[in-house]
Amino acid sequence: MFKKLLELEQKIFSAPYKWLVKKGIVTVLATSKRIYQTLEDLYENKYEEPYGGNPNFPGDYDVELHKNKIVTDLIEPGSTFKIVTMAAALENNIELTDEYNVEGPYNFHNIKMIEDSEPHSVLNVKEILAYSSNIGTIKIAESLGKKSIYNQAREFGFGVKTGFDPSTEAVGIFRDPSKWSLSSMYSIPMGYEISSTPLQIAMAYASIANGGFLLKPYIVEKIEKHDDTIIKNQRNTKKRVLSQSNAEKLKSMLSHTVDQGSGKSAAISCLLYTSDAADEEDSVDLGGRRI
């Protein structure tokens with residue numbers, strides 16, 4: 005597993021050179037003791053001095069690196085937010101096989117002409133996510149209504165602190181539906197007019213991998229004295245935000261997106277996607293996938 009994580013790390017750090025991006029944030033959520041220990045080993049073997057300097061001497065490196073960017077920085081989720089519309093659709097009994105006309109351009113109430121990066125004529129719900137169809141996502145969101153989209157987003161934790169670090173954590177911007185304009189119904193389902201932390205996005209996706217449960221993230225599980233007396237124990241608080249069956253459907257949809265859809269370039273050979281066929285002895289969950 006350690007070797008596979010090193011391979012994953014190499015792919016992550018080669019991405020900026022391939023896509024010419026200035027910066028990025030990687031968030032790995034350990035959902036088992038085994039992956040947690042492996043990540044510890046990875047850190048101890050490769051990062052003796054994080055941030056390019058000893059954190060005990062913060063003056064030795066850039067002040068920008070003092071921040072924990074996964075909770076302090078706000079970004080627009082963009083297409084990663086499309087899981088909200090898909091989850092709301094499943095919770096409202098829309099079937100994966102239901103089809104929508106996605107032929108573009110789509111005239112949204114004479115406000116904006118919506119187009120997809122990859123044109124299609126008709127797609128079902130599973131394919132709409134797989135090909136990241138803006139037109140399909142907006143049409144599903146319109147059929148559900150803004151209250152349904154808002155409620156599902158809040159269930160996933162958007163506009164709410166995760167509780168990871170209350171003192172520095174940003175809450176993000178996610179307005180009440182009463183403050184949405186007509187144009188919000190095409191912007192918000194596509195992940196605009198909203199801001200969130202990278203951790204909020206990661207936790208929303210992790211809730212799908214966790215069978216529909218949104219968990220509270222933490223780093224230190226417990227604090228013990230030398231005699232093994234526990235001083236502080238982290239409570240594993242969780243909240244159901246999606247039914248088990250719909251979480252499984254959405255997991256399947258996300259896997260299909262990377263296997264057959266527009267997310268092929270995000271596939272990592274050393275990882276297998278979460279599925280019932282995965283070998284429990286040789287695999288662990290990693291952000292919705294299995295190693």
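Heads up: the sequence shown runs through residues 5 to 295, numbered per this note's numbering. Note that beta-carbon positions come from the ideal geometry of N, C-alpha and C, so glycine has one too.
Check                                                                                                                                                                              : Outcome
So, at 7 Å on beta carbons, what are the nonlocal neighbours of Y55 in its own chain, with the 5 sequence-adjacent residues on each side left out?                                 : With a pLDDT of 48 at Y55, under the threshold of 50, the modelled position of this residue cannot be trusted, and the question is left open.
From G265 to D180, what does the alpha carbon distance come to, in whole angstroms?                                                                                                : 33 Å
How many Å lie between V67 and I115 at the Cα?                                                                                                                                     : 43 Å
For K242, which residues does DSSP report across the bridge?                                                                                                                       : L219
Along the beta strand (DSSP E) that carries L127, what are the first and last residues, could you check?                                                                           : V126 to N128
Who does A103 pair with in a DSSP beta bridge?                                                                                                                                     : The question names Ala, yet the displayed sequence has Glu at residue 103. For E103, which the question treats as bridged, DSSP gives the partners N128.
Heavy atom of the ligand FMN less than 7 Å from the Cβ of A92, yes or no?                                                                                                          : For the ligand FMN, the structure offers nothing, since it holds no ligand at all.
Just to confirm, is the Cβ distance from N138 to M194 under 8 Å?                                                                                                                   : yes
Can you look up K165 in the DSSP assignment and give me helix, strand or coil?                                                                                                     : coil
Can you check whether the C-beta of E99 is within less than 8 Å of a C-beta belonging to chain B?                                                                                  : The structure shown contains no chain B; it is built from a single protein chain.
Pop quiz: T166 and M207 are said to be a contact at Cβ under 8 Å. What is the actual Cβ separation, rounded to whole angstroms?                                                    : 6 Å
Measure the beta-carbon distance from L133 to E103 and round it to whole angstroms, keeping in mind my assumption that it falls under 8 Å.                                         : The Cβ separation is near 14 Å, so there is no contact.
Compare the C-alpha of S249 against each of K229, N214 and N111 and name the closest.                                                                                              : N214
Could you pull the start and end residues of the alpha helix (DSSP H) that K73 belongs to?                                                                                         : K73 to T76
Could you name the residues of the same chain whose beta carbon sits closer than 8 Å to that of K229, not counting the 5 residues immediately before and after it, in chain order? : I235
Helix, strand or coil: which one does DSSP assign to S199?                                                                                                                         : strand
Under 8 Å, do S199 and E80 count as touching if we go by C-beta distance?                                                                                                          : yes
With M117 as the anchor, note down where its alpha helix (DSSP H) starts and where it stops.                                                                                       : Per DSSP, M117 belongs to no alpha helix (DSSP H); it is in the beta strand (DSSP E), K116 to I118.
Exposed or buried, which one is D231 when buried takes at least 16 other CB atoms within 10 Å?                                                                                     : exposed
Assuming Y65 is part of the alpha helix (DSSP H), what are its boundary residues?                                                                                                  : From DSSP, Y65 is part of no alpha helix (DSSP H); its letter is neither H nor E.
Does the count of Cβ pairs from the segment 217-226 and the segment 93-100 closer than 8 Å reach three?                                                                            : no
In whole angstroms, give me the CA-to-CA distance for F178 and S125.                                                                                                               : 32 Å
Thinking M189 and A145 are a contact (beta carbons under 8 Å), I'd like their distance in whole angstroms, please.                                                                 : 6 Å
From which residue to which residue does the beta strand (DSSP E) around K268 run?                                                                                                 : No beta strand (DSSP E) holds K268; DSSP gives it neither H nor E.
Which whole-angstrom value describes the C-beta separation of I205 and I153, a residue pair presumed to lie in contact below a C-beta threshold of 8 Å?                            : Between I153 and I205 the Cβ distance is about 16 Å, and since that is not below 8 Å, they are no contact.
Is D263 buried or exposed, if buried means 16 or more other CB atoms sit within 10 Å of its CB?                                                                                    : exposed
Among E197, S187, K183 and S185, whose alpha-carbon lies nearest the alpha-carbon of G176?                                                                                         : E197
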